[in-house]
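Put into C-alpha cells, the structure is as follows:
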C-alpha cells in the first residue's frame with residue numbers, strides 16, 4: 001500500500017511537470033521580451049528533464065508513468081491563448097500565473113518528500129527538483145518586481 005501511495009504521488013508530480021513544461025513552452029513561444037523568453041525556454045527544458053527523472057523513479061517501483069497533462073492545465077493554457085488574443089501580451093499577468101504554478105509545484109513536491117517510505121536516493125533527486133523550482137519562483141518574483149519598478 002505504501003508503494004501505491006508513492007506511485008500515485010509521483011504520478012501527480014509527473015503530471016505537474018508535464019503541465020509546467022507545456023505552459024512554459026507556450027509562454028516561450030508567445031513572449032517577446034528576451035529575458036522572459038530565455039527564462040521560459042530554460043524552464044520548459046528543465047521540467048522535461050524532471051519528468052524523465054520522475055519516470056525513472058516510477059520504474060524503480062515497477063510502476064507505469066501517467067501520460068499527458070491535466071485537464072485543468074490544458075484549459076488554463078487555452079484561456080491564456082484567448083486572453084492574449086483579446087488583450088495583447090500582459091507580462092505581469094504572465095509572471096503571476098507562472099509564480100502561481102510554481103507555488104503549486106512546491107507544495108506537491110513537499111507532500112511527496114514527506115512520505116516516509118520514499119527511498120533516500122529518490123528523495124535526493126526530488127529535493128534537487130524542489131530547490132530548482134524554488135529558485136525559479138524567486139527569479140520570477142524578481143522579474144515581476146523589475147516590471148513594477150520600470
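Residue numbers (full-length UniProt numbering): 1 to 150.
Every residue gets a Cβ at the ideal spot worked out from N, C-alpha and C, and that includes glycine.
I'd like to know whether the C-beta atoms of residue 106 and residue 125 end up nearer to each other than 8 Å. Numbered from 1 along the chain shown, position 106 holds the residue referred to as residue 106. Numbered from 1 along the chain shown, position 125 holds the residue referred to as residue 125. Contact: no.
N-terminal and C-terminal residue of the alpha helix (DSSP H) that residue 33 is part of: Translated into positions along the chain shown, residue 33 becomes position 33. Neither: residue 33 is in no alpha helix (DSSP H) and is coded neither H nor E.
Rounded to whole angstroms, what's the CA-CA distance from residue 114 to residue 47? Just pull it up for me. If you number the chain shown from 1, residue 114 lands on position 114. If you number the chain shown from 1, residue 47 lands on position 47. Cα to Cα, the separation comes out at about 21 Å.
Along the alpha helix (DSSP H) that carries residue 137, what are the first and last residues, could you check? Within the chain shown, residue 137 is the residue found at index 137, counting from 1. Where residue 137 is concerned, the enclosing alpha helix (DSSP H) stretches over 120 to 149.
Pull up the CB-CB distance for residue 123 and residue 33, whole angstroms please, since I reckon it's below 8 Å. Position 123 of the chain shown, counting from 1, holds the residue named residue 123. Position 33 of the chain shown, counting from 1, holds the residue named residue 33. With 8 Å as the limit, residue 123 and residue 33 do not qualify as a contact, their Cβ atoms being about 37 Å apart.
Close-in-space but distant-in-sequence residues of the same chain around residue 129 (CB under 7 Å, 5 per side omitted): Sequence index remark: in the chain shown, residue 129 carries index 129 (1-based). Only 50 and 109 meet the Cβ criterion.
Would you grab the beta carbon distance between residue 101 and residue 20 for me? Rounded to a whole angstrom, and I think it's under 8 Å. Residue numbering aside, residue 101 sits at position 101 when the chain shown is read from its first letter. Residue numbering aside, residue 20 sits at position 20 when the chain shown is read from its first letter. Residue 101 to residue 20, Cβ: 6 Å. Contact.
Return the CA-CA distance between residue 59 and residue 44, expressed in angstroms with no decimal places. In the chain shown, the residue the question calls residue 59 occupies position 59. In the chain shown, the residue the question calls residue 44 occupies position 44. Each residue's Cα considered, the two are about 23 Å apart.
Comparing C-alpha positions only, which one of 57, 149 and 94 sits nearest to residue 152? Residue 152 lies beyond the residue range present for the chain, which begins at 1 and ends at 150; the question has no answer from this structure.
Nearest-angstrom Cα separation, counted from residue 117 out to residue 6: For the purposes of this step, residue 6 is identified with residue 6 of the chain shown, where counting begins at 1. For the purposes of this step, residue 117 is identified with residue 117 of the chain shown, where counting begins at 1. Taking the straight line joining both Cα atoms gives about 8 Å.
Just reading off the alpha helix (DSSP H) that residue 63 is part of, what are its end residues? Taking the first residue of the chain shown as position 1, residue 63 is located at position 63. No alpha helix (DSSP H) contains residue 63, which DSSP labels as neither H nor E.
So which of 142, 22, 57 and 61 has the shortest CA-CA distance to residue 42? Translated into the one-based positions of the chain shown, residue 42 becomes position 42. Checked all of 142, 22, 57 and 61; the closest Cα to residue 42 is 22.
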